[in-house]
Amino acid sequence: MSGLAVLSEAPDRLWQEWLAWARAQGRTDPLAADLTAVRTRVWEASEYCAQGAARYPADFAALLDCGDLGRAYAPGDLAARVAATVAAALPGHPDEPALHRALRVVRRREQTRIIWRDIGGLAGLDETLEDLSELADCCIRTALDRLQDWTRAELGMPSDAQGRPQCLLVIGMGKLGARELNLSSDIDLIFAYPTQGQVTDGPRPLDHQQFFVRLAQRLVQALNAQTADGFVFRVDTRLRPFGDSGPLVMSLDALEDYYQSQAREWERYAMIKARVLTGDPAAVAALEDLLRPFVYRRYLDFGSIESLREMKQMIAKELHRKGMDANIKLGPGGIREIEFIGQALQLVRGGRDPALQARPIRQVLALLGERDLLPASAVPHLDAAYCFLRLVENRLQAYKDKQTHLLPADDPGRLRLARAMGFPDWGAFAAVLEGHRRRVQGQFDLVFSAPQGESAGQDPDLVALWDGCLEECRAMEILAANHFSAPQAALVRLTAFREACVRKGLSSRGAQRLHQLLPLTLQVIAASEAPDLALERVLKVLEAVVRRTAYLAMLIERPMALAQLARLTGMSPWIAEQIVRQPLLLDELIDPRRLYALHRRADLEVEIEALLAPIDPDDLEQQLERLRQFAHGNILRVAAADLTGGVPLMKVSDYLTEIAEVAVGRVLSLAFAHLAERHGRPPGLGAGDTGVLVLGYGKLGGLELGYGSDLDLVLLHGGDQPGADTDGPKPTSAEQFYNRLGQRLIHMITARTPAGILYEVDMRLRPDGNKGMLVRSLTAYADYQATAAWTWEHQALIRARPVAGDPGLAARFAAVRRATICRPRDPAQLREDVRAMRQRMRESLDKGGRGRFDLKQGRGGIADIEFMVQYSVLRWAAAHPALADWTDNIRQLETLARLDLLPGATAADLTAAYKALRGAYHRSALQDQPKTVPDDQLLAEREHVSGLWRELMGD
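Residue numbers (our numbering): 32 to 986.
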C-alpha cells in the first residue's frame, strides 16, 4: 500500500461514517463542493477532527450549517458563543457537572473550527493563535463568573475594609499571557486575591485565603478534569510562588514579599508574558504594578543573559539525554531559542525602554530590530522561522489534539506532517525546516555566546594575580610585563580592592562574577593608554557597583563597555567620578556607535520624549529620574567625544548647552502641567503656552556651558492681571500661580534623586538678586532694566537669552533686551563702572597664587576678555545695534571686528586667547582639577589679554 493510501484509509472510513449519519438525517447535500478539498486535507492531517465528526455528527453538521467554518470571528463573537452555550446548558441552580459539560462542548466545537481553518488555509497564524487564546480567556472568565457566584452563595462574600467585594485574580502565563496559545497547549495559571481578611457572612468563619483556594480549586477542576466529554484545557499551576509546595492562592502583599525577596531568576523570565485575565480593575492595576519592577529593572540587566544561558544549557542537556533533539520547541534552533533571544534583550533593556515590555514575541523582535538591538538582517529570518515553527507545532498537535513537539519518526507520520505543511514529501519539508533552525541557532549563539571572561584563552597569570596566590616579586613581574609603570603601587591597590570585596561579604553569584571579571579587567586595562591611571579609576567604579551584580554581569557580557570604561576613565577622572556617583552611566558605554554619536536639539527632543512618554503623568519621581538619565547620559557622550577628539571645543559647549535647554524646557512643561491640573491655567494663555519665559544668563545664555556648569536662570511671566484667578478646581491668583511654578521648576531641576541632581541653579542675577521676586512680570522686568539696574546687570543682560517658554514672551523680551543694550551711554562712566566691577570680582573670586593662575578670574584670564567684550558692546551698541544680535563672546567679537570698532587685530587676538583659555578650562574640568594652571602656562595669551585690557580699559 502506498504512503498516500495509508494516510487516507482511516480518514475515508471516518468520513463515510459521518456521511451515513447525514443521509439518515435526510441531508441530501451534506457537503458543498467547495468544502470537499478542504475537508480531505483536514481529515488527513487531523485524526482529532475526523473522529470528532464521526463521534459527534450533529455538532459537526451544526458547524457546517452556521457558516462559522468559512469566516473569521469579529471581536466578541467567540465570547458570545461560549456564554450562550453555557447559559443554555445550566439550570436555574448551581450545577457544576452541567458547567463542565457545556465548557467541553464549546471547546470541542471551537477547536474543530480552528483546526479546519488552519489546515484548510483559511486562517493565518495570527488568527489561529488569537482564536485559541480568546477561547481560553472566555472559558476561564465564563467558568469563574459562575463558580465565583456559587462559592459566595455557599461560603459568604470576601470583602475589603471598605466592604467592597473581592474577586479572584487569574494570571495567564506563557503563551496564554501573550495570546500566542497553540492548538493543544496546557495553560499556566497563577492565582491571587487583593487583601487578607475574614469572610463573616457565611455559614462558618473562614479567611480570604481559604475562600479563594476553594474557588481556584473549583476553577481548575472545571477546566482540567478529564470527563466523558474530554477536557477544556490542561491547567498547570506550578509556576506559582514556591511551586507545588506553595499555596494555590496568595494575597497581593504575600506575592510582593515573595517576588522582592525569594523569587528565583527564572521566574522573571516566566513573568515576561504574564497577563491578568480577571479581577477588579484597581486590583489588576495593583498586581501589574507589583510585578513590573520584579521583571524589569531600571538598569540594563545583563545578568539575565547569563541566567538564560544557564537555563538553555540545562534544557539542552536534558533533551540530549532523552534523545529529544527533534523537539521543535526546546531543541536546537527551536521556538524556545527564538523566545530566549527576544526575552533576554527584553529583560536587559525593558526597564529603561517600556515599549520593550510587550508580550508577543513577534512584536518584540520587530521592536528590537527598530532599535538596532538585533541586526536588521536577523529579524526577518527569526520572524519567518517563528511563524514556520509555530505552524509545524500546530500541525503536530492537530493530529490527535495531543501536546507534542516531537517530529515524527515513522514514515506515514512524516508524510502526513509534510503534506499538512504544504510540501509534497518529507525531504522537501525537512530541508526548509533545517534552514530555519540553522539560522535561529546561529543568531542564538551570537546573543548567548559565552563572554570573554569564560573563554579558555583567559590569561592564567592575570587569574593567579587576582586570586592573590603569587609571591610579591612574581606579581610585580606580571604587572610590569602588562605595561604598568608602577607595579608595586598597582599591586597594593589591587590587593586593597580584593580585601575590601571580601569584607563586603558578596553573594556567591557576586563573588563568582567578580572572579570572572577582574582578570579580564586587568587585561583590558593593560592594553589601555594609561594603565596605572586606568587601574585606580576603574577600581573606584567597581567599588561603587561591586554589590550590584548586574553591572558586573554587564561588563563581563559586553567587553566593549569594559574597554571604553578603561579608556575614558584613564583619560579623565571626571568621567570616573560621574560613573561612581551614577552607575547607570555604565549603560552608555555598551555601544560605541551611540556613545560617540552626539545629538543635536531635534534628536534630543525625540530622545527625551521617548524616555518620558511611558511614565505616568502623576509619577513625579520617575519623571525626575528620567530627566537626569537623559542629561547625564548625553553629557557623558559629549565628554567621551571631546576626550577622543571627536568634537572641537566650541562645539562641545553647543552640545552641552542644547542638552540643558531641552531638559529645562521639558521641566517647565511638566511643572506647568502638574500645577495646572490642580489650579487651572492663568487667564489669557494661548494653547500650549505656560505664560512663563526662562532666561539663561552667563554660560548658558552665552552658549558656553561646560562640564559641571550651573545654570544662571531668570524667570519672567507675561501676566498683566496678577490679581486674576486661575480657572481650575482650586483657583489661585495668577501671581501666586507663577511664583509656585517657579518654585516647582527650580525644585525639579535641583532635587536630589538616586540619579543625582539635574543641574545646580543660580537665581541671583534676577532683579534685586536674592531679595527679588522669584518670578517677575516682563513689564516690571523691563521697567527695572530701564530705571534701576546697575551697569553690571546690563553687562549680564548681554549674555541673556530665552532657553524655554512661550515664543510670544521671547519676542517681547528680545525687544526689551535690545532697547536696554542699545541705550546711549557715557563712555568714561561706563569704563569706570566696568573696571570697578571687574576689580571687585578679582579680589573676591581669584583663586590664583602660590604658583597657580586662575583661568577665569586671574589677570589676563577669561573674565577680562568677557568684560572687554561687554564694555565694547554697551559702548557702541547705540550706534551699531547689530552688537545686540548675539549673546556669545565669539560672535560678539566677530561683529566688533566686522564693524572695525576695535583697533588692529584686537578682536582676532582676543578670540584666539579666549579659545585657548576656554580649552584649558575644559581640560581642567575633565581632569577634575581646580580651574587653575601653573603660572608658567599660557603666558603669551595672558600677557596679550592684559595688554589689550590696559589699552582698552585704561588701567
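Yeah, the Cβ is synthetic: ideal placement off N, Cα and C, and Gly gets one too.
Q) With a CB to CB cut of under 7 Å and the five nearest residues on each side skipped, what residues in its chain are close to A835? A) The sequence position of residue 835 within the sequence shown is 804, counting from 1. Result list for A835: E692, V695, G696, L699, V725, in chain order.
Review point. From D311, F262, R470, pick the residue whose C-alpha is nearest to that of G365; which is it?
Key: As a first step, residue 365 is located in the sequence shown; it is residue number 334 there, counting from the start. Looking only at D311, F262, R470, the smallest Cα-Cα distance to G365 is reached by R470.
Could you give the first and the last residue of the continuous beta strand (DSSP E) run that contains M281?
If you number the sequence shown from 1, residue 281 lands on position 250. Taken as a continuous stretch (DSSP letters only), the beta strand (DSSP E) holding M281 covers 280–282.
First through last residue of the beta strand (DSSP E) which encompasses S808:
Position 777 of the sequence shown, counting from 1, holds the residue named residue 808. S808 -> beta strand (DSSP E) spans 806–808.
task: On a CA-only basis, which of I221, R544, R323 is nearest T309? Give me that one, please.
output: Taking the first residue of the sequence shown as position 1, residue 309 is located at position 278. The shortest C-alpha to C-alpha distance from T309 to any of I221, R544, R323 is the one to I221.
In three-state DSSP terms, what is G261?
Counting from 1 along the sequence shown, the entry for residue 261 is found at position 230. Strand, per DSSP.
Three-state secondary structure (DSSP) of D219: Position 188 of the sequence shown, counting from 1, holds the residue named residue 219. Looking at D219 - three-state DSSP - the assignment turns out to be strand.
query = Which two residues bound the contiguous beta strand (DSSP E) that contains R797?
reply = In the sequence shown, the residue the question calls residue 797 occupies position 766. From DSSP, R797 is part of no beta strand (DSSP E); its letter is neither H nor E.
Practice task
Tell me whether the beta-carbon of C853 lies closer than 9 Å to the beta-carbon of A943.
Solution key: If you number the sequence shown from 1, residue 853 lands on position 822. If you number the sequence shown from 1, residue 943 lands on position 912. No, these two residues do not count as a Cβ contact at 9 Å.
Original post:
On the three-state DSSP scale, how would you describe R883?
Top reply: The residue you call residue 883 lines up with position 852 of the sequence shown. Residue state, collapsed to three classes: strand.
Could you give the DSSP three-state label for T991: helix, strand or coil? Shown here, the chain extends from 32 to 986; a query on residue 991 therefore has no answer.
So what does A835 bridge to, in DSSP terms? Your numbering for residue 835 matches position 804 in the sequence shown. According to DSSP, which records beta bridges pairwise, A835 is partnered with V725.
* From D492 to L522, what distance separates their C-alpha atoms? -> Here the question's residue 492 lines up with position 461 in the sequence shown. Here the question's residue 522 lines up with position 491 in the sequence shown. Between D492 and L522, the C-alpha separation is close to 14 Å.
(message) Whether or not the segment 630–637 and the segment 295–312 are in contact is what I'm after, with contact meaning three or more pairs of Cβ atoms, one per stretch, closer than 8 Å; do they touch?
(response) Contact fails between the segment 295–312 and the segment 630–637, because fewer than three Cβ pairs, one in each stretch, are under 8 Å apart.
Quiz item: Going by Cα to Cα distance, which pick from S77, D414, Y945 is closest to L427?
Solution: Mapped onto the sequence shown, residue 427 falls at position 396. Checked all of S77, D414, Y945; the closest Cα to L427 is S77.
Whole-Å CB distance - Y728 paired with A827, under 8 Å assumed: Translated into positions along the sequence shown, residue 728 becomes position 697. Translated into positions along the sequence shown, residue 827 becomes position 796. The pair is a contact, with the Cβ atoms about 6 Å apart (cut-off 8 Å).
(request) For T721, count neighbouring Cβ atoms within 10 angstroms of its own Cβ and tell me buried if that reaches 16, exposed if not. (result) Along the sequence shown, one-based indexing puts residue 721 at 690. The residue in question, T721, is buried, as its Cβ has 16 or more Cβ neighbours within 10 Å.
Mapping DSSP to helix, strand and coil, what is A487?
As a working note, residue 487 is residue 456 in the sequence shown. A caution first: A487 carries a pLDDT of 47, below 50, which makes its placement in the model too unreliable to give a value.
| Who are the Cβ neighbours of L496 in its own chain at under 6 Å, not counting the five residues just before and after it? | By one-based count along the sequence shown, residue 496 stands at place 465. Answer for L496: A506, I509, listed in chain order.
How would you label L35, buried or exposed, when you count the other beta carbons within 10 angstroms and need 16 or more for buried? As a first step, residue 35 must be located in the sequence shown, where it is residue number 4. Exposed, because fewer than 16 other Cβ atoms sit within 10 Å of the Cβ of L35.
Identify every residue that forms a DSSP beta bridge with G787.
-> Taking the first residue of the sequence shown as 1, we reach residue 787 at position 756. DSSP lists T784 as partners of G787.
Problem - Reduced DSSP secondary structure (H/G/I, E/B, other) of T30 - result: With the chain covering only 32 through 986, there is no way to say anything about residue 30.
- Item | Opening and closing residue of the alpha helix (DSSP H) in which T918 lies | If you number the sequence shown from 1, residue 918 lands on position 887. Where T918 is concerned, there is no enclosing alpha helix (DSSP H), given that its DSSP letter is neither H nor E.
Point to revise | Pairwise C-alpha distance: Y815 and F844 | key: Working through the sequence shown from its first residue, we reach residue 844 at position 813. Working through the sequence shown from its first residue, we reach residue 815 at position 784. If I take the Cα positions, the gap works out to 13 Å.
| said: Under DSSP, the alpha helix (DSSP H) around D743 begins and ends at which residues? | reply: Locating residue 743 in the sequence shown gives position 712, counting from the first residue. Premise fails: D743 lies in the beta strand (DSSP E), 742–748, not in any alpha helix (DSSP H).
* Asked: Of the residues H778, K802, P798, which one's Cα is nearest the Cα of V792?
  -> Translated into the one-based positions of the sequence shown, residue 792 becomes position 761. For V792, the nearest C-alpha among the options comes from H778.
Cutting at 8 Å between CB atoms, please list the residues of its own chain near D238, excluding the five before and the five after it.
On the sequence shown, residue 238 is found 207 positions in, with the first residue counted as 1. Result list for D238: Q227, G228, Q229, V230, in chain order.
Q) Thinking C-alpha only, which one of P961, P443, Q142 is nearest E40? A) By 1-based counting over the sequence shown, the position of residue 40 is 9. Of the candidates P961, P443, Q142, the one whose C-alpha sits nearest the C-alpha of E40 is P443.
*asked:* If you measure between the beta carbons of I610 and L548, is that distance less than 9 Å?
replied: On the sequence shown, residue 610 is found 579 positions in, with the first residue counted as 1. On the sequence shown, residue 548 is found 517 positions in, with the first residue counted as 1. It is not a contact, given that the beta carbons lie outside the stated cut-off.
Cβ neighbour criterion (16 or more within 10 Å) applied to L797:
The sequence position of residue 797 within the sequence shown is 766, counting from 1. One point to set straight first is that residue 797 is Arg, not Leu, in the sequence displayed. R797 should be labelled buried.
- Message: Bridge partners for Q229 per DSSP, in chain order?
- Response: Sequence index remark: in the sequence shown, residue 229 carries index 198 (1-based). DSSP output for Q229 lists D238 as bridge partner(s).
Checklist line | Between the CA atoms of L413 and A55 - distance to the nearest angstrom | finding: The count along the sequence shown starts at 1 and reaches residue 55 at position 24. The count along the sequence shown starts at 1 and reaches residue 413 at position 382. Answer to the nearest angstrom: the Cα atoms are 51 Å apart.
| So what's L549 in DSSP terms, helix, strand or just coil? | For the purposes of this step, residue 549 is identified with residue 518 of the sequence shown, where counting begins at 1. Of the three classes helix, strand and coil, the one that applies to L549 here is helix, per DSSP.
Count the other C-beta atoms from every protein chain shown that fall within 10 angstroms of the C-beta of A786, then say buried if there are 16 or more, exposed otherwise. The residue labelled residue 786 in the question sits at position 755 within the sequence shown. Its Cβ being crowded by 16 or more others within 10 Å, A786 is buried.
State yes or no: is the C-beta of L746 within less than 9 Å of the C-beta of L776?
-> As a working note, residue 746 is residue 715 in the sequence shown. As a working note, residue 776 is residue 745 in the sequence shown. Contact: yes.
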